[in-house]
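Asker: Positions in the sequence shown are counted from 1; adding 728 to them yields this note's numbering.
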Amino acid sequence: MRKGKRFRFRGLRFLGLVAGLYLLAAMMDSPQAHRALEAALKVLGSLLPILLLVILLTALINFLFHPKSLARHLGEEGGWRGWAIALSAGVLSHGPMYAWYPMIADLRRHGMRDGLTAAFFYARAVKLPLLPMMVAYFGLDFTVLLSLLTLLAAWGQGMIMDRWSSKS
């Protein structure tokens, strides 16, 4: 069985297991199961816009960029452009990190280097919406210096990851 089919089958089994557990909980304690289902739907409702955004961005990237051009910018030949793309995309990305996993996995299938993947995730520590509040509490100098050091560390972490993955 191909890996993709095996993953889908596991996903369906997991969905069936969760649905079965909800049914069992409903038979044992219906009001509590109802509250749990409401909480799960509330979480799903808060994640859905982010997941839709990631799906839209993935589709847009696949539409606008040919996999070979992505491999050129994010692969071995990417140079400084690859680093700039990974770091700026990390800073601009919002929402839970795991919501970005499918898009990054797709980019890795098209040749994105491990170092750029690590740099993307590390650069997410710089949160654009929080920068004004950070400036208000800690001052402009501290905020700019911390953000630059975080991006420098993201680049360094990516370099380490590239060296480590090239040895294995």
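Even for Gly, the Cβ is constructed at its ideal location relative to N, Cα and C. Keep in mind that this is a model prediction, so the values were computed, not measured.
Kindly give me the distance between the Cβ atoms of glutamine 885 and alanine 853, rounded to whole angstroms, as I take these residues to be in contact under 8 Å.
Answerer: Counting from one through the sequence shown, the residue named residue 885 turns up at place 157. Counting from one through the sequence shown, the residue named residue 853 turns up at place 125. Wrong, their Cβ atoms sit about 11 Å apart, outside the cutoff.
Asker: Use the C-beta contact count for valine 872: other C-beta atoms within 10 angstroms, 16 or more gives buried, fewer gives exposed.
Answerer: Against the sequence shown, residue 872 aligns to sequence position 144. With fewer than 16 other Cβ atoms within 10 Å, it is exposed.
Asker: Quick one: Cα of alanine 767 to Cα of glycine 744, how far?
Answerer: For the purposes of this step, residue 767 is identified with residue 39 of the sequence shown, where counting begins at 1. For the purposes of this step, residue 744 is identified with residue 16 of the sequence shown, where counting begins at 1. Cα to Cα, the separation comes out at about 19 Å.
Asker: How many Å lie between leucine 858 and leucine 752 at the Cα?
Answerer: For the purposes of this step, residue 858 is taken as residue 130 along the sequence shown, with counting starting at 1. For the purposes of this step, residue 752 is taken as residue 24 along the sequence shown, with counting starting at 1. So the alpha carbons of these two residues sit roughly 43 Å apart.
Asker: List the whole-angstrom C-beta distance separating tryptophan 811 from tryptophan 883, where the pair is believed to meet the contact cut-off of C-beta under 8 Å.
Answerer: In the sequence shown, residue 811 corresponds to position 83, counting from 1. In the sequence shown, residue 883 corresponds to position 155, counting from 1. So it is a contact: roughly 6 Å between Cβ atoms.
Asker: Expressed to the nearest angstrom, what Euclidean distance is found between the alpha-carbon atoms of histidine 762 and alanine 754?
Answerer: Translated into positions along the sequence shown, residue 762 becomes position 34. Translated into positions along the sequence shown, residue 754 becomes position 26. Approximately 7 Å between the Cα atoms of the pair.
Asker: Secondary structure at proline 759, three-state DSSP: helix, strand or coil?
Answerer: Working through the sequence shown from its first residue, we reach residue 759 at position 31. Helix, per DSSP.
Asker: Just checking my contact of alanine 851 with leucine 815 at CB under 8 Å: how many whole Å lie between their CB atoms?
Answerer: Stepping through the sequence shown from its first residue, residue 851 is reached at position 123. Stepping through the sequence shown from its first residue, residue 815 is reached at position 87. Confirmed, Cβ separation roughly 5 Å.
Asker: Spatial neighbours of leucine 820 within its chain, please: CB distance less than 6 Å, with the 5 preceding and 5 following residues excluded, ordered by chain position.
Answerer: The residue given as residue 820 occupies position 92 in the sequence shown. Cβ within range, chain order: n/a, list empty.
Asker: How far does the alpha helix (DSSP H) with serine 816 in it extend, from its first residue to its last?
Answerer: Taking the first residue of the sequence shown as position 1, residue 816 is located at position 88. 807-820 is the extent of the alpha helix (DSSP H) around serine 816.
Asker: Any idea if leucine 856 is buried or exposed, counting beta-carbon neighbours within 10 angstroms, 16 or more meaning buried?
Answerer: The residue you call residue 856 lines up with position 128 of the sequence shown. Exposed.
Asker: Is it true that the CB of leucine 779 sits closer than 7 Å to the CB of alanine 827?
Answerer: As a position in the sequence shown, residue 827 is number 99, starting the count at 1. As a position in the sequence shown, residue 779 is number 51, starting the count at 1. Cβ distance < 7 Å, so alanine 827 and leucine 779 count as in contact.
Asker: Let me make sure I understand the geometry here. Which of Ser894, Leu877, Leu776, Ser758 has the alpha-carbon closest to that of glycine 823?
Answerer: Along the sequence shown, one-based indexing puts residue 823 at 95. Among Ser894, Leu877, Leu776, Ser758, the Cα nearest to that of glycine 823 belongs to Leu776.
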